[in-house]
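Single-structure report; data block below.
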Amino acid sequence: MKPDNPILAAAALVAGLLFLSPVLYSIFMSFQTADAYYRGGLDFTLDNYGRAIGQYHFARYLMNSLIVSGCVTVIALTVSTMAAFAFARFRFPGGDLLFAATVATLMIPSHISLIPNYLTLAKAGLLDTYAGLILPAISNGFAAFFLRQYIRGIPRALDEAAYMDGATPLQVLWRVIVPLSRPAIFSMGLYVFLTEWNNYIWPLVAIGKDDLYTLQIGLARLYRVNPGEGLVDWPLVMAASTITIIPVLFGFLLVERHLVRGITMGAVK
Amino acid sequence: MSGITLHDIRKAYPGGPEVLHGVSLDIRAGEFVVVVGPSGCGKSTLLRLIAGLERCDRGEIVIGGRRANDLAPQNRDIAMIFQNYALYPHMTVRQNIAFGLELRGMPKAERNARAEAVARTLQLEAYLDRKPGALSGGQRQRVAMGRAMARNASTFLMDEPLSNLDNALRVAMRTEIKELHRALGATIVYVTHDQTEALSLADRIAVLKDGHLLQFGTPAEIYDTPADMFVAGFLGTPAMNFLPLDRLSPSPVPPGRTIGLRPEAIRVHADEPSGLALPAKVLLSEMNGAELILHCETDAGRVTAIAPRHEFSFHPARVWLGCDMSRAHVFDSRTGLRLEHAAMEV
Ligand SMILES: Nc1ncnc2c1ncn2[C@@H]1O[C@H](COP(=O)(O)OP(=O)(O)OP(=O)(O)O)[C@@H](O)[C@H]1O
Ligand SMILES: [Mg+2]
Chain L
522 MKPDNPILAA AALVAGLLFL SPVLYSIFMS FQTADAYYRG GLDFTLDNYG RAIGQYHFAR
582 YLMNSLIVSG CVTVIALTVS TMAAFAFARF RFPGGDLLFA ATVATLMIPS HISLIPNYLT
642 LAKAGLLDTY AGLILPAISN GFAAFFLRQY IRGIPRALDE AAYMDGATPL QVLWRVIVPL
702 SRPAIFSMGL YVFLTEWNNY IWPLVAIGKD DLYTLQIGLA RLYRVNPGEG LVDWPLVMAA
762 STITIIPVLF GFLLVERHLV RGITMGAVK
Chain A
320 MSGITLHDIR KAYPGGPEVL HGVSLDIRAG EFVVVVGPSG CGKSTLLRLI AGLERCDRGE
380 IVIGGRRAND LAPQNRDIAM IFQNYALYPH MTVRQNIAFG LELRGMPKAE RNARAEAVAR
440 TLQLEAYLDR KPGALSGGQR QRVAMGRAMA RNASTFLMDE PLSNLDNALR VAMRTEIKEL
500 HRALGATIVY VTHDQTEALS LADRIAVLKD GHLLQFGTPA EIYDTPADMF VAGFLGTPAM
560 NFLPLDRLSP SPVPPGRTIG LRPEAIRVHA DEPSGLALPA KVLLSEMNGA ELILHCETDA
620 GRVTAIAPRH EFSFHPARVW LGCDMSRAHV FDSRTGLRLE HAAMEV
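Protein sequence lines, in the order shown, are assigned to chains L and A. Start counting the first sequence at 522; every next residue gets the next number (this note's numbering). Start counting the second sequence at 320; every next residue gets the next number (this note's numbering).
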């Protein structure tokens, strides 16, 4: 490999540090006592993490967020991939209309459906349940649209070869299309997971019980913990924030190596 | 083993013109049929219809005595080699070959053994664990062949399966295909551009042009009694010579006839012979092993002839062509159709 241009490398390093600095600073802050933070000074402690997990239930919130975001990601990807396969490969009555409707959902701001969704779930008795958090997020028009475009780029000859080999449509999807769409599915998965992980409004509306709160709700409530008149316990908030971003970082590292290109090389002449 | 009957098949791709205009073929069970024709004449389309990957607009497809127009491809028990290979890029060569067996529920050890055996006949053992992206064109083509050969299908459709191989491999693979046909007794429909393949492999040859079936018969029938000038000119190298009859014969003859003479029906003389012969100027002389291929200009038109190399200098300036009229074909110049009994009159 050619050695990188040193000026570019230095510039990239500076830019990287610039982007990282708020994160590094907040992690640094999370190890300070509130006292030291407000007085100025250095006082290392793990107490903020202890309080966030023990006193303020962040272990529970973390679990809730993982369950909800995990389920939403898995179910939404499953549904979207199947829909995308159908839209990309089959012509059926009403297919074009359905696809247009799917694309149209992308143009509706999500907040518009907040109240109808609330009423529907209330009627179904699903408020204050995991299902109530998960269900509204599993139909994802964007994921279906994005995956359809990707699948259309896979040579149809591969489907045909599999059919000739005796595969059913579901086997074609599972054994040929899904493995070949891995980069798209994983990037979409990352996107869906992050969106759900950061979701604030819907859990706020749909959940009223402390033991179903997600991390974002829990975080917001930490602002009310005040160490003194009119003050926010920032080190505590930063500890909770760190707890919130760590799974996402791991998730990203896990997924990144699947985002490879050139996966259909050598398929057709 | 099952026969395939196509009855008056018509096919147009969505939004395109019709590409098959009423093709009827009756392929017997266990028969080896080779489909030939110029590029774009509809050969691949015909295979795709038999495979069930396309639906015909009109006509009927019967496979093994059963109407198959509405049968899904996976239910037709047909193995296919695609013209563009269509290998699964995420699977190794071994997995590619064994995939069809896996779908049929064959245990892993058994299907891998089978895949390895197939790879051995195709000289692919060294590549079993590679993915298609890391193979050469000819190796990919052999994987495509292996994928079909591993299966015990009743019918095989092969779309130019040897087009990308070198000569030695091609001859070896031809033998393998022949062997496969003999061992399985399967019906094979085989598309090729290679005349030698067509003539040597086929039980019967179907000649297709512009979506029409021109002739369907044994290699000998196609070669000896071609239905029209196109078929006559398409099979056989060098191609048949066509000369207008009235320019060839000194005595009055019926007008509008064309004589077809294969190069082997023309005897080349270095000096003027005693019998009837056309004087010819040699334009180009090609060395072809033991023979010379001479492209000549005569009063009747261009003629290609074959001369034994040892009797001639490399580029003879002038030769005499003696035509064996008993082996000449007579065609109607306008329709191109062969006139069956006309040869005698000349
Ligand atoms: N998917 C398609 N959509 C529209 N037209 C098509 C399609 N596939 C083939 N055609 C057209 O149909 C005709 C026949 O094509 P086909 O592939 O059957 O030819 P072929 O005889 O196999 O040619 P080759 O020897 O070059 O492979 C061609 O004119 C081609 O342009
Ligand atoms: Mg073709």
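We put the beta carbon where it would ideally sit given N, CA and C, even for glycine.
Buried/exposed call for Asn667/A, threshold 16 Cβ in 10 Å:
As shown, chain A starts at 320 and ends at 665. That puts residue 667/A outside it, with no answer to give.
Is the separation between the beta-carbon of Ala658/L and that of Glu717/L shorter than 8 Å?
If you number the first sequence from 1, residue 658/L lands on position 137. If you number the first sequence from 1, residue 717/L lands on position 196. Their beta carbons are under 8 Å apart, which means Ala658/L touches Glu717/L by this criterion.
Less than 8 Å between the beta carbons of Asp389/A and Arg329/A, yes or no?
Within the second sequence, residue 389/A is the residue found at index 70, counting from 1. Within the second sequence, residue 329/A is the residue found at index 10, counting from 1. Not in contact: Asp389/A and Arg329/A (Cβ atoms no closer than 8 Å).
Span of the beta strand (DSSP E) around Cys642/A:
Translated into the one-based positions of the second sequence, residue 642/A becomes position 323. Here the beta strand (DSSP E) through Cys642/A covers 637 to 642.
Measure the Cβ-Cβ separation of Leu613/A and Ala596/A and say whether it is below 8 Å.
Within the second sequence, residue 613/A is the residue found at index 294, counting from 1. Within the second sequence, residue 596/A is the residue found at index 277, counting from 1. Against a cut-off of 8 Å, the Cβ pair of Ala596/A and Leu613/A comes out as no contact.
As assigned by DSSP and simplified to three states, the class of Gln458/A:
Sequence index remark: in the second sequence, residue 458/A carries index 139 (1-based). Gln458/A: helix per DSSP, three-state reduction.
Taking only runs of the alpha helix (DSSP H) that begin and end inside the segment 624 to 681 of chain L, which ones reach a length of at least 4 residues, in chain order?
635 to 644, 651 to 655, 662 to 673
Is Ile548/L helix, strand or coil when you go by DSSP?
The residue labelled residue 548/L in the question sits at position 27 within the first sequence. DSSP places Ile548/L in helix when its eight states are reduced to three.
Please report the straight-line C-alpha distance between Ala533/L and Glu495/A, rounded to a whole angstrom.
Here residue 533/L refers to the residue found at position 12 of the first sequence. Here residue 495/A refers to the residue found at position 176 of the second sequence. Distance between the alpha carbons of Ala533/L and Glu495/A is about 59 Å.
Using a cut-off of 7 Å between C-beta atoms, extract the partners of Arg423/A located in chain L.
As a working mapping, residue 423/A is identified with position 104 in the second sequence. Here the neighbours are Gly687.
Backbone secondary structure at Ser519/A - three-state DSSP:
Indexing the second sequence from 1 puts residue 519/A at position 200. DSSP places Ser519/A in helix when its eight states are reduced to three.
List the whole-angstrom C-beta distance separating Val353/A from Ile524/A, where the pair is believed to meet the contact cut-off of C-beta under 8 Å.
Counting from 1 along the second sequence, the entry for residue 353/A is found at position 34. Counting from 1 along the second sequence, the entry for residue 524/A is found at position 205. Confirmed, Cβ separation roughly 5 Å.
For Met663/A, does the count of other Cβ atoms within 10 angstroms reach 16, so buried, or fall short, so exposed?
The residue labelled residue 663/A in the question sits at position 344 within the second sequence. Because Met663/A carries a pLDDT of 47, less than 50, the predicted location of this residue cannot be relied on, and the following value inherits that uncertainty. Exposed: under 16 other Cβ atoms inside 10 Å.
Quick one: does the C-beta of Gly335/A sit closer than 7 Å to a heavy atom of ligand 1?
Within the second sequence, residue 335/A is the residue found at index 16, counting from 1. Yes, ligand 1 has a heavy atom inside 7 Å of this Cβ.
Look up Thr623/A in the DSSP assignment and give the residues it is bridged to.
To locate residue 623/A, count along the second sequence from 1; it is residue 304. Bridge partners of Thr623/A: His614/A.
Using a beta-carbon distance below 8 Å, is His409/A in contact with chain L?
As a working mapping, residue 409/A is identified with position 90 in the second sequence. Yes, His409/A counts as interfacial toward chain L.
For Leu529/L and Leu635/L, I'd like the C-alpha separation in whole angstroms.
Within the first sequence, residue 529/L is the residue found at index 8, counting from 1. Within the first sequence, residue 635/L is the residue found at index 114, counting from 1. C-alpha separation (whole angstroms): 47 Å.
Could you confirm whether any beta carbon from chain L is found closer than 8 Å to the beta carbon of Ala584/A?
Position 265 of the second sequence, counted from the first residue, corresponds to residue 584/A. No, no contact with chain L.
Alpha carbons only, please: which of Asp522/A, Ala517/A, Leu564/A, Gly579/A is nearest the one belonging to Asp547/A?
Here residue 547/A refers to the residue found at position 228 of the second sequence. Out of Asp522/A, Ala517/A, Leu564/A, Gly579/A, Gly579/A has the C-alpha closest to the C-alpha of Asp547/A.
Interface residues of the segment 708 to 733 of chain L facing chain A [CB-CB below 7 Å]
none
Within a Cβ cutoff of 8 Å, which residues of the same chain sit near Val665/A, ignoring the five residues on either side of it in sequence?
Residue 665/A sits at position 346 when you count from the first residue of the second sequence. Residue placement at Val665/A is flagged as unreliable, the pLDDT there being 46, under the threshold of 50; the coordinate-derived value follows with that caveat. Excluding residues within five positions, the ones whose Cβ falls inside 8 Å are Leu564, Ser568, Val572, Ile578, Met644, Ala647, Val649.
Starting from Tyr671/L, find everything on chain A with Cβ-Cβ shorter than 9 Å and list it in chain order.
By one-based count along the first sequence, residue 671/L stands at place 150. Ordered by position in chain A, no residue passes the 9 Å Cβ test against Tyr671/L, which lies about 15 Å from the chain.
Residue from Pro408/A, Phe401/A, Leu481/A, Ser321/A whose Cα sits closest to the Cα of Ala387/A
Locating residue 387/A in the second sequence gives position 68, counting from the first residue. Ala387/A has its Cα closest to that of Ser321/A, out of Pro408/A, Phe401/A, Leu481/A, Ser321/A.
Nearest to Leu372/A by CA position, among Gly384/A, Gln393/A, Gly359/A, is which residue?
Position 53 of the second sequence holds residue 372/A. Here the closest residue by C-alpha is Gln393/A.
Please list the terminal residues of the continuous alpha helix (DSSP H) segment that includes Thr716/L.
Looking up residue 716/L in the first sequence gives position 195. Taken as a continuous stretch (DSSP letters only), the alpha helix (DSSP H) holding Thr716/L covers 703 to 718.
Could you spell out where the alpha helix (DSSP H) holding Leu339/A opens and where it closes?
Here residue 339/A refers to the residue found at position 20 when the second sequence is read from its first residue. Here Leu339/A belongs to no alpha helix (DSSP H); instead the beta strand (DSSP E) covers 337 to 346.
Would the beta-carbon of Ala688/L fall within 8 Å of that of Asn403/A?
Counting from one through the first sequence, the residue named residue 688/L turns up at place 167. Counting from one through the second sequence, the residue named residue 403/A turns up at place 84. No, they are not a contact pair.
Does the beta-carbon of Phe666/L have 16 or more other beta-carbons within 10 angstroms, so that it is buried, or is it exposed?
Along the first sequence, read from residue 1 onward, the residue named residue 666/L stands at position 145. Result: buried.
Indicate whether Trp695/L and Met550/L have their beta-carbon atoms separated by less than 8 Å.
Stepping through the first sequence from its first residue, residue 695/L is reached at position 174. Stepping through the first sequence from its first residue, residue 550/L is reached at position 29. Their beta carbons are not under 8 Å apart, which means Trp695/L does not touch Met550/L by this criterion.
By DSSP's criteria, Asp547/A is part of a beta bridge. Which residues make up the other side?
Your numbering for residue 547/A matches position 228 in the second sequence. Paired residues: Leu656/A.
I believe Thr506/A touches Ile346/A by the beta-carbon criterion, under 8 Å. Please report the beta-carbon distance rounded to the nearest angstrom.
Residue mapping note: residue 506/A aligns to position 187 of the second sequence, counting from 1. Residue mapping note: residue 346/A aligns to position 27 of the second sequence, counting from 1. At roughly 6 Å, the Cβ-Cβ gap stays under 8 Å, so Thr506/A and Ile346/A are in contact.
So, helix, strand or coil for Ala331/A, using DSSP?
The residue given as residue 331/A occupies position 12 in the second sequence. Looking at Ala331/A - three-state DSSP - the assignment turns out to be strand.
Would you check if the distance between the CB atom of Asp651/A and the CB atom of Gly575/A is smaller than 8 Å?
If you number the second sequence from 1, residue 651/A lands on position 332. If you number the second sequence from 1, residue 575/A lands on position 256. A contact, by the Cβ cut-off of 8 Å.
With the cut-off set at 8 Å, would you say Val526/A and Phe553/A are in Cβ contact?
Stepping through the second sequence from its first residue, residue 526/A is reached at position 207. Stepping through the second sequence from its first residue, residue 553/A is reached at position 234. Going by C-beta atoms, Val526/A is nearer than 8 Å to Phe553/A.
CB contact flag (Ala453/A, Ala434/A, <8 Å):
Taking the first residue of the second sequence as 1, we reach residue 453/A at position 134. Taking the first residue of the second sequence as 1, we reach residue 434/A at position 115. It is not a contact, given that the beta carbons lie outside the stated cut-off.
Taking CB distances under 8 Å as the criterion, tell me whether Ala607/L reaches chain A.
Working through the first sequence from its first residue, we reach residue 607/L at position 86. By this cut-off, Ala607/L is not an interface position.
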